[in-house]
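Residue numbers (the numbering used here): 1 to 584.
Every residue, glycine too, gets a C-beta built ideally from N, C-alpha and C.
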């Protein structure tokens, strides 16, 4: 593989490059000085240009924190008729003003800071790159009808919702019913933003990306359904009911308009390989390219399938796994699974078990689902709940952010533009296999087979998303690929999960691959930390490794690698220019 997968080897020569660059600049300045002396009056000769130098306004970390707070205010749109303003004129102004924010960030010199503070500087730069990518390439307010979804009925298991979202969401899952007077006033105000926002959508949506358009219609239909179901819960709050009714009418009107416009939409929806790579490196800080990810995911798909075959051979004389057959059996298994899982982590010294971990898991185990309605993940959980408890590391991240927030205000809340995906999805996916190797399923070997099925599914869907963004596959072809390469027929075409996943990965470049790519980066970090500690004859434990990793916050793994090893070679360099145009 080329590019990012060799970045560590290439990065080893960075110090040599810096020394060479320093001598080169000294030579250039000396040559210029001699030229000026030859001119007699010290003037620059006609046609000559003095080397450009960055203007340093500050070396104070406090100025970065202050700039970050101001930047977040700038990123948030102004209001237009009570809703966020995504009109073409508003986005044009934001695009024109963004370079000044980047200049201000560049004028804060972080080179003399500690690694943690330098990482914060890179995070702010990544957010600014993310807005540039959204303004120049992704343009969800103009290309993606699903961007205008306001109503969310469930909490995401990640720091923020996956994919592009607007700035006036209605998080229904945060409300308790019946509503208090205060909650009713808040919900009424939130629902009131929907009609003006959707009026705006009919003007803003000028893109012609066919599959984004068609899949977005389904998202808005889901919002219509959620608003209908809300009626019974707010019947005793007349003002909220009026706002709900108006939001429903506006949603249905937008759906009708989207359906009428759909036949005109014929363009491909992928951002293209070059634009994808720019976002991957400069927004998500993943030291890889589109081609690197393709090679890695193909390797992981091969490894998952072959490992499953070998596991099945090893277990051929063991009884087949039996799925939970009733609600009572599922609940009993699920509660015992949480207890046994945490005991394993504690007794084997794999993780430091915190107080919030038990309740965070028990709140997510779910309930019994009839066989005909089970999606991929529910199939796995009905065989053994632990196979998804490992992935629920997500919920520990969210609990930690609440009870033990990061001391840096830049890392304390969710980073914008899903910049956290390699860490959030990569670690949650990575521990599924890591804990298998650490002995989690030694007493029930058949469950190991499910772990390989999970990995194959992540690799298959990620590859499909890559090919859609390269415009080599349609979403339908990606879904078919996803189904074909998920073992045992567990990925069903007739359930919503398949379409939801491929739509999300089309909407947010790099998200579909982050499960596997982030897993690889965490595994590489484990290898390098282990080797570094052994070479230095320092004590190493797996529990301390995960504790250190968690302490850095939910930020790109490349930056955690820098903090934990002192080596910044995994962090992609700052971009040399803007992102390539859409489709490249």
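Contact under 8 angstroms by Cβ, residue i with residue j
i	j	result
residue 461	residue 425	no
residue 248	residue 198	no
residue 184	residue 240	yes
residue 282	residue 129	yes
residue 272	residue 584	yes
residue 589	residue 258	The shown model of the chain, from 1 to 584, leaves out residue 589, and the question about it has no answer.
residue 64	residue 108	yes
residue 227	residue 244	yes
residue 415	residue 97	no
residue 513	residue 297	yes
residue 579	residue 74	no
residue 439	residue 348	yes
residue 446	residue 342	no
residue 270	residue 504	no
residue 131	residue 301	no
residue 194	residue 250	yes
residue 592	residue 564	What is shown of the chain runs 1 to 584, which leaves residue 592 out entirely.
residue 427	residue 380	no
residue 104	residue 67	yes
residue 477	residue 451	no
Cβ-Cβ separation, residue j to residue i (assumed contact under 8 angstroms), whole Å
i	j	result
residue 352	residue 154	The Cβ separation is near 29 angstroms, so there is no contact.
residue 87	residue 204	6 angstroms
residue 377	residue 491	Rounded, the Cβ-Cβ distance is 10 angstroms, inconsistent with contact.
residue 457	residue 486	4 angstroms
residue 389	residue 345	That pair is no contact at about 10 angstroms.
residue 421	residue 284	6 angstroms
residue 196	residue 83	4 angstroms
residue 444	residue 436	Incorrect: roughly 11 angstroms between the Cβ atoms, too far for contact.
residue 410	residue 459	The Cβ separation is near 33 angstroms, so there is no contact.
residue 401	residue 556	Contact flag wrong, Cβ pair sits at about 16 angstroms.
residue 382	residue 330	7 angstroms
residue 157	residue 395	6 angstroms
residue 80	residue 200	7 angstroms
residue 582	residue 137	5 angstroms
residue 465	residue 286	About 14 angstroms; that fails the 8 angstroms criterion.
For residue i, the first and last residue of its enclosing alpha helix (DSSP H)
i	result
residue 172	Taken as a continuous stretch (DSSP letters only), residue 172 belongs to no alpha helix (DSSP H), as it is neither H nor E.
residue 559	557 to 565
residue 441	It is not in any alpha helix (DSSP H) - residue 441 carries neither H nor E in the DSSP assignment.
residue 184	181 to 191
residue 546	542 to 551
residue 383	376 to 383
residue 499	496 to 507
residue 490	Note, residue 490: premise wrong, no alpha helix (DSSP H); not H, not E.
residue 204	194 to 204
residue 265	Counting along the chain, residue 265 falls outside any alpha helix (DSSP H), and DSSP gives it neither H nor E.
residue 457	446 to 469
residue 346	327 to 347
residue 397	393 to 403
residue 527	511 to 535
residue 115	115 to 133
residue 591	In the structure displayed, the chain extends from 1 to 584; residue 591 sits before or after that span and is not available.
residue 276	273 to 282
residue 142	140 to 143
residue 415	Element bounds for residue 415: n/a, residue is neither H nor E.
residue 388	386 to 389
Bridge partners - residue i, DSSP secondary structure assignment
i	result
residue 83	80
residue 58	108
residue 152	171
residue 226	For residue 226, which the question treats as bridged, DSSP gives no partner whatsoever.
residue 363	Answer is none; residue 363 lacks a bridge partner.
residue 239	Paired residue(s): none; residue 239 is not in a bridge.
residue 209	267
Cutoff 8 angstroms: residue i Cβ touching any chain C Cβ
i	result
residue 447	The chain labelled as chain C is not found in the depicted structure, where only one protein chain is given.
Flag this pair as touching only if the stretch 462 to 481 and the stretch 283 to 301 have three or more C-beta atom pairs under 8 angstroms; answer yes or no. yes
Inspect the CB distances between the stretch 503 to 510 and the stretch 276 to 283 and report whether three or more fall short of 8 angstroms. yes
Would the stretch 134 to 150 and the stretch 216 to 224 be scored as touching if the rule is three or more Cβ pairs under 8 angstroms? yes
Does the count of Cβ pairs from the stretch 397 to 415 and the stretch 550 to 567 closer than 8 angstroms reach three? yes
Quick test of the definition: if touching needs 3 or more C-beta pairs under 8 angstroms, does the stretch 206 to 213 touch the stretch 133 to 144? yes
With three or more beta-carbon pairs closer than 8 angstroms as the criterion, would you say the stretch 516 to 528 touches the stretch 302 to 314? no
At least 3 beta-carbon pairs within less than 8 angstroms: the stretch 163 to 180 vs the stretch 105 to 124: With the rule of 3 Cβ pairs closer than 8 angstroms, the stretch 163 to 180 does not count as touching the stretch 105 to 124.
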